[in-house]
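Residue numbers for the sequence shown follow UniProt numbering, so the first one is 1 and each next one is one higher.
Every residue gets a Cβ at the ideal spot worked out from N, C-alpha and C, and that includes glycine.
Just below is one structure, and these are the notes that go with it.
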Amino acid sequence: MRVWGVGIPRRGVLVLLVGFLAGCGEFHFSPFPPCFPLCGGGGGGGDLPVLQTSLEADRLEVAPGAQGSLAVNVYAPPQGRSGRVTVNLWLEVAEEPPFPTFFSAGTATEVPVGQTARALVPVFVFPEAPPGEYLVRLRASAFGYQNAEPRYLRLVVR
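Here is the structure:
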């Protein structure tokens, strides 16, 4: 089925919408820049407050086929805001060239605005993961905030 009579399939409109929203979260697969003022994605949020994160440890050991937890402290500055904000936290490969991803790590947590909250990010390492020590980075984003600066840690697979 076509939309607007110009030959754009509905699925194409959905793909464009998802691509736009992914640009808001500063995911790198989006064809759109991560700097829309609406979203506060990393580059050009302007006057948007910046999320702040800190790690409770600089390394995490997880056995293949097991799950570990990464403790993260998250602060969402008030700057005229109140209530709670949903913060997305995830890990991604930080090494160059990137190695194949053999782990899954991410969560969303509610943070009271103006207070520091502790979040646990579950990190599942796939059974076929090769043993070693890998550099990964924690990312954080929330609607209406600029993304937090990445935090780096070592993921140790034993």
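- When the five nearest sequence neighbours on each side are left out, the beta carbons in the same chain lying within less than 8 angstroms of the beta carbon of L91 are those of L70, F103, A105, G106, V121, V123, V136, R137, L138, R139 and L155, in order along the chain.
- Nearest in C-alpha terms to L48, of all of V93, R118 and G144, is G144.
- Under the DSSP assignment, V93 falls in the beta strand (DSSP E) whose first and last residues are R84 to V93.
- Secondary structure of Y145 (DSSP, three-state): coil.
- In chain order, P78 place their CB closer than 6 angstroms to the CB of G114, counting only its own chain and leaving out the 5 sequence neighbours on each side.
- Rounded to the nearest whole angstrom, the CA to CA distance from A94 to R81 is 33 angstroms.
- By the CB criterion at 7 angstroms, S141 and N88 fall inside the cutoff.
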